[in-house]
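Take the sequence shown: its letter number 542 is residue 542 in UniProt numbering, and every next letter is one higher.
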Amino acid sequence: MTFRPGPALPTPPGQVGNAAAAAPLTDGEWHRLHPLTPLLRGGIFLIVVLGYVLNSLRDQLVEFFIPGGGPQDDGDPVRYVYEHGAVGWVLLGIVVLLVVLIGLFYLSWRMHEFRVTGEIVEVRSGVLFRNHRKARLDRIQGINISRPIVPRLLGTAKLEIAQAGNDANVQLAYLGSKPAEDLRRRILVLASGAKEDDQQGPERASYGVLQDRLEEVFSPELDPEAVRATRIVKVHPGRLIASMLLSTTTVFLVLLVVAMVVSISVTGEYGILLALFPAVIGAGGYYVRKFSRSLQYTIAETRDGIRIGFGLVSTSNETLPPGRIHAVSVAQPLLWRPFGWWDIRINRATNAGNGQSTNQQASSIVLPVGRAEDVREVLDIILPGLVGTAVAGPRASQEQLREGSAEAVGVVDDSLTTSGDRGGFVHSPGRGAWFRPLSFRRNGYRFVQGAVLFRLGAVWRSLVIVPLPRVQSVKVSQGPLERVLRLASAHVHTVQGPVSAQIGALDARDAQQLWSETARRAVEAAAVDTSHRWREREARLASATAAAGVDGVAPGAAPATGPGAPAWRAQDGPPGWDHAPDPGAVR
1 MTFRPGPALP TPPGQVGNAA AAAPLTDGEW HRLHPLTPLL RGGIFLIVVL GYVLNSLRDQ
61 LVEFFIPGGG PQDDGDPVRY VYEHGAVGWV LLGIVVLLVV LIGLFYLSWR MHEFRVTGEI
121 VEVRSGVLFR NHRKARLDRI QGINISRPIV PRLLGTAKLE IAQAGNDANV QLAYLGSKPA
181 EDLRRRILVL ASGAKEDDQQ GPERASYGVL QDRLEEVFSP ELDPEAVRAT RIVKVHPGRL
241 IASMLLSTTT VFLVLLVVAM VVSISVTGEY GILLALFPAV IGAGGYYVRK FSRSLQYTIA
301 ETRDGIRIGF GLVSTSNETL PPGRIHAVSV AQPLLWRPFG WWDIRINRAT NAGNGQSTNQ
361 QASSIVLPVG RAEDVREVLD IILPGLVGTA VAGPRASQEQ LREGSAEAVG VVDDSLTTSG
421 DRGGFVHSPG RGAWFRPLSF RRNGYRFVQG AVLFRLGAVW RSLVIVPLPR VQSVKVSQGP
481 LERVLRLASA HVHTVQGPVS AQIGALDARD AQQLWSETAR RAVEAAAVDT SHRWREREAR
541 LASATAAAGV DGVAPGAAPA TGPGAPAWRA QDGPPGWDHA PDPGAVR
């Protein structure tokens, strides 16, 4: 199969500031990655070879500095080569091997190309076995930039475009740090439906290569001015450490240690301690990795979606465009209850556990730990793009979207700890105690405009929010015991993830009402949902305003209405629930 580049697109107009650096990368032509990519991708193999050589030379190095102080090993391959006069041939072989490896790395870099057009991002790679990946801009689930410690020191970064499906992500490893940020911004502009990026971050003054690199390494992962963040939530490090110590993993480890101590005291066999050391080492590594990855955790609201950044040594930050979150869960483990802490998890249409993504944490966890006020702020960031369009209409402004989602945020905030019918929830009847002995009064659901909410659990509390435009299907089931008790279970299906929108032990009539109402409202909400092109309405209104100014109408004048109005004006105005098309209408 022969790969031929398509026709090049013109450079996006009106690009100034930081986006100008990304404009050449989005011109539709094929481009190569950073020149240091072969070293970063193949350098680990060279380090292993160098480590083996140094280990073999260990005895000779010791004897060189301390004559007669090193052990003499008859099976030493270096000594054997030296004594048989084959040093020159071995060095020649090493040089040839290095030349071959460098040539292969260089050829791999030459054959690894990417291009960005107005519709897709393409990557083609491979020497013997060619690989060609495409990512549609309107199907992008998120764009992540990760900076491991070595690439970070060299001023490079890995850009990964998340797509729905297994092993569907598209990676660009590696790009320069600044071109990676600029390219992400430009891809999000193209994906949003906007004509140009009219909000650029400030230009940074250069003080030399070394000082610029140091500032880049020690600069915060999230620069509010650079991303035009309007709202930022940060995770307190002390609270993060305490939440890790009060986790289920810690409880399991404590119980394991107690069981071993009891066994030793009863049997007197200290050999059991040998099984404890691997567990301690593994647990220590787990906590260190989790803590280092969760430091400097920030959630910010930007024009292009939610920006999640974290990490201390190796950093990562991801932008989730509006409408890419399919379900939200606010949960509280039992040990967190005295402190009033909660976490927030989401379902996304991407699989970060396919071995390709380095951003598994940001894929599902939005808020690792926070108080109720932190939960409300994060929901204020998340929900406007999910339920706001369904309430305020496809052409609503950001403020109107926020007002449309205010009801959902308020209900969640008021219902985190409630039970019974408080908050307007339809909860399980008394006979549901046979299936939910502790939580039957808390177990319930309710609708708000644009979403359906599930209130679950009495010991491990949770509140699940499913945006109606993201609903895939609805199922009602009833087992034999449930049929005897006139109960049923309902499941609102979304994409696979840690959030499960499933509720049981409902009255059979309430479950059927949940099924029919969810199906009806989901169709209505999907009909007005435009979150996949979240800035297209701005571009359309800007173009219409400019056209009206050319026709002699003042840009600030009221839009034309009536028979002579433009075609796009015929559908202007935020349609409410009464303006949604019929469920059977063709869309």
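Quick reminder that beta carbons are idealized off the backbone N, C-alpha and C, glycines included.
Extent of the continuous alpha helix (DSSP H) run through residue i
i: residue 392; result: 384-392
i: residue 27; result: No alpha helix (DSSP H) holds residue 27; DSSP gives it neither H nor E.
i: residue 110; result: 87-110
i: residue 589; result: Outside the shown range of the chain (1 to 587) lies residue 589, about which nothing can therefore be said.
i: residue 419; result: Segment: none, residue 419 is in no alpha helix (DSSP H) and carries neither H nor E.
i: residue 255; result: 248-267
Candidates the options, of which the one nearest residue i by Cα
i: residue 154; options: 92, 178 and 472; result: 178
i: residue 452; options: 231, 468 and 438; result: 468
i: residue 413; options: 289, 383 and 437; result: 383
i: residue 515; options: 531, 529, 496 and 488; result: 488
i: residue 288; options: 316, 241 and 339; result: 241
i: residue 511; options: 119, 484 and 475; result: 475
i: residue 528; options: 395, 420, 461 and 426; result: 395
i: residue 513; options: 298, 444 and 402; result: 444
i: residue 290; options: 311, 257, 127 and 175; result: 311
i: residue 114; options: 131, 99, 84 and 139; result: 131
i: residue 29; options: 117, 42 and 92; result: 117
i: residue 159; options: 373, 174, 236 and 112; result: 174
i: residue 296; options: 236, 463, 245 and 282; result: 236
i: residue 238; options: 369, 134 and 122; result: 369
i: residue 485; options: 102, 232 and 434; result: 434
i: residue 188; options: 493, 374, 86 and 302; result: 302
i: residue 503; options: 463, 535, 524 and 246; result: 463
i: residue 232; options: 283, 411 and 366; result: 366
i: residue 393; options: 146, 526 and 97; result: 526
i: residue 472; options: 51, 343 and 327; result: 327
i: residue 532; options: 138, 280, 480 and 524; result: 138
DSSP bridge partner residues for residue i (one or two, in chain order)
i: residue 176; result: 156
i: residue 286; result: None; residue 286 has no bridge partner.
i: residue 503; result: 490
i: residue 149; result: Answer is none; residue 149 lacks a bridge partner.
i: residue 532; result: Bridge partners of residue 532: none, in fact.
i: residue 342; result: 370
i: residue 465; result: 328 and 453
i: residue 477; result: 489
i: residue 301; result: 231 and 306
i: residue 318; result: 144 and 308
i: residue 164; result: For residue 164, which the question treats as bridged, DSSP gives no partner whatsoever.
i: residue 471; result: Note: residue 471 sits in no beta bridge, so no partner.
i: residue 347; result: 327
i: residue 171; result: 160
i: residue 427; result: 444
i: residue 365; result: 345
Limits of the beta strand (DSSP E) - the one that residue i falls within
i: residue 445; result: 444-448
i: residue 114; result: 113-116
i: residue 295; result: Taken as a continuous stretch (DSSP letters only), residue 295 belongs to no beta strand (DSSP E), as it is neither H nor E.
i: residue 526; result: Taken as a continuous stretch (DSSP letters only), residue 526 belongs to no beta strand (DSSP E), being part of the alpha helix (DSSP H) at 508-527.
i: residue 456; result: 451-456
i: residue 120; result: 120-125
i: residue 399; result: Note, residue 399: premise wrong, no beta strand (DSSP E); alpha helix (DSSP H) at 398-414.
i: residue 135; result: 131-136
Own chain partners of residue i with C-beta closer than 7 angstroms, once the 5 adjacent residues on each side are dropped
i: residue 562; result: In this predicted model, residue 562 has a pLDDT of only 41, less than 50, meaning its place in the structure is not dependable; the value taken from the coordinates is given anyway. Correct list: empty, nothing qualifies.
i: residue 141; result: 162, 163, 164, 324, 348, 349 and 350
i: residue 553; result: Any reading at residue 553 must be qualified, since the residue scores a pLDDT of 47, below 50, and its modelled position is unreliable; the value itself is stated next. Contacts found: none.
i: residue 127; result: 107, 108 and 111
i: residue 94; result: none
i: residue 379; result: 409 and 412
i: residue 246; result: 335 and 336
Below-8 angstroms beta-carbon distance, residue i vs any chain D residue
i: residue 392; result: Annotation note: the requested chain D is absent from the structure, which comprises a single protein chain.
Other residues of its chain near residue i: CB distance less than 6 angstroms, five sequence neighbours each side excluded
i: residue 556; result: Confidence at residue 556 is low in this model, with a pLDDT of 42, below 50, so the placement of that residue should be treated as unreliable; the coordinate-derived value is given next. If we look at residue 556 and ignore the five residues flanking it on each side, it has no Cβ neighbours.
i: residue 149; result: 313 and 314
i: residue 263; result: 272
i: residue 151; result: 40 and 174
Contacts around residue i, its chain only, beta-carbon distance under 8 angstroms, and the 5 residues preceding and following it disregarded
i: residue 417; result: 461
i: residue 398; result: 384
Legend entry - Inter-stretch contact (C-beta, 8 angstroms, three-pair minimum) for the segment 511-523 and the segment 455-465: no
Inset, instruction - Determine, using beta-carbon pairs with one atom in the segment 383-394 and one in the segment 319-330, whether at least three such pairs fall under 8 angstroms. - result: yes
Legend entry - Validate contact between the segment 332-351 and the segment 491-501 using beta carbons, cut 8 angstroms, 3 pairs: yes
Legend entry - Three or more C-beta pairs below 8 angstroms linking the segment 23-40 and the segment 170-188: yes
Legend entry - Touching by the beta-carbon criterion (3+ pairs, under 8 angstroms), the segment 394-409 and the segment 417-427: no
Legend entry - Contact the segment 267-280 vs the segment 331-346: 3+ CB pairs below 8 angstroms: no
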